[in-house]
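Visitor: Protein chains in written order, with the UniProt record's numbering: chain V, 1 to 88; chain R, 1 to 88.
Cβ coordinates follow ideal geometry from the N, Cα and C atoms, glycine included.
Dropping the structure in here first, questions after.
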């Protein structure tokens, strides 16, 4: 599956959440990650996220696609950073 | 087409860009919009964005799908806000 993961979380938790996403997917833009995951990997990532986020304050959205070919991606402005900023 | 639009832009331009997206798509999360657009509407939105963003600083990404049915969306934590915050 191809996954786009986006998050809007309290500043206190952004660092931890970004580090976790970094282990499963690649950074695309602030609070946005993409990548291919198996069902098992996605479940693993979701369970770990559930252990970090505050469901009252934070939100993570996963867009799942059966096949990356169904997705057409266009970028306006700054093209993809080769080395994404390491700031959180 | 079903479109997910995400942006990472200079604070000076966030308000203008959010207002423009609001006219074409619905707010999903900070800097994230979704919605159905025709090719003409998407081209129109892109041209208007090109007139606002600074290509050196700002980035807008459009994920286009031929059909919304191909997309599976799951939300962890805070569910969709009924009335999205009007702060920018």
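1) Output, in sequence order along the chain, the residues in the region 63 to 80 of chain R whose CB is closer than 7 Å to any CB in chain V.
2) According to DSSP, is residue 10 of chain R part of a helix, a strand, or is it coil?
3) Around the Cβ of residue 34 of chain V, are there at least 16 other Cβ atoms within 10 angstroms (buried) or fewer (exposed)?
4) What are the boundary residues of the alpha helix (DSSP H) that includes residue 44 of chain V?
5) Out of R:15, R:32 and R:76, which has the shortest C-alpha to C-alpha gap to residue 60 of chain V?
6) Could you give the distance in angstroms between the alpha-carbon of residue 49 of chain R and the alpha-carbon of residue 40 of chain R?
7) Measure from the C-beta of residue 17 of chain V to each C-beta in chain R and report whether the shortest distance is under 8 Å.
8) So which residues of chain R does residue 20 of chain V contact, with C-beta pairs closer than 7 Å?
Guide: Taking the structure as given:
1) If the cut-off is 7 Å between Cβ atoms, the region 63 to 80 of chain R has 63, 64, 65, 66, 70, 71, 72, 73, 74, 75, 76, 77 and 78 near chain V.
2) Residue state, collapsed to three classes: coil.
3) It counts as buried.
4) 39 to 50 is the span of the alpha helix (DSSP H), which, as asked, contains residue 44 of chain V.
5) Comparing Cα positions, the closest option is R:76.
6) Pairing residue 49 of chain R with residue 40 of chain R, the inter-Cα distance amounts to about 14 Å.
7) No, residue 17 of chain V does not count as interfacial toward chain R.
8) The contacting residues do not exist; residue 20 of chain V stays about 12 Å from chain R at best.
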